[in-house]
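Just so you know, we're using UniProt numbering here: the sequence shown kicks off at 1 and counts up by one.
Quick reminder that beta carbons are idealized off the backbone N, C-alpha and C, glycines included.
These numbers come from a predicted model, not from an experiment.
Below is one structure, written out as structure tokens, with a few remarks after it.
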Amino acid sequence: MPLNLTGSCFCRNLTYTIHLSSLDDARTSLCHCGNCKKAFGGAFGVTSKIPVGSFSYDQGNQVHAGDNGSGSIVYREFCGKCGSYICEYGEQAKNSFRYITLGSLDDPSALPPKGEFFCSQREKWMPEVPGCFQKQKIKE
């Protein structure tokens with residue numbers, strides 16, 4: 001069943017749309033790595049991996065490129081007016097996927113989490129998310 005979603009930054013200067021063939025085209029996950037904690041300003045980051053062709057901006061974005069802490073470049077797109085972080089992608093995924101920040105969706109509940117990454121760095125006070133896969137590292 002096709003799924004059409006919208007999202008924006010905090011000030012709504014930047015808006016976007018997502019057109020998915022089905023819910024299976026998206027994978028929402030929590031990431032407990034140090035870089036996501038810094039980027040999201042919290043105990044973890046939450047993104048939805050979607051095909052790049054299903055995502056488009058309706059208006060404006062800015063891009064920041066930087067080392068992700070392991071020698072790889074990660075791109076983060078954000079609003080140039082309010083600074084809201086909208087999506088990210090690595091060099092290898094650049095032409096294939098976007099990782100949309102779940103909180104930037106107008107309806108974040110539309111893409112429930114399927115898993116967690118870097119669980120070895122999960123805060124001690126945070127329990128596992130029920131019904132999700134848990135990986136201690138990104139690749140295992």
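- For Asn95, no alpha helix (DSSP H) encloses it, and the DSSP letter there is neither H nor E.
- Its chain contains Leu30, Pro113, Glu116 as the residues whose beta carbon lies nearer than 7 Å to that of Val129, once the 5 sequence neighbours on both sides are disregarded; these appear in chain order.
- Between Ile73 and Tyr16, the gap from beta carbon to beta carbon reaches 8 Å or more.
- With respect to the C-alpha of Lys94, the residue from Ser48, Thr47, Val52, Thr28 having the closest C-alpha is Val52.
- DSSP, read as helix, strand or coil, puts Gly34 in helix.
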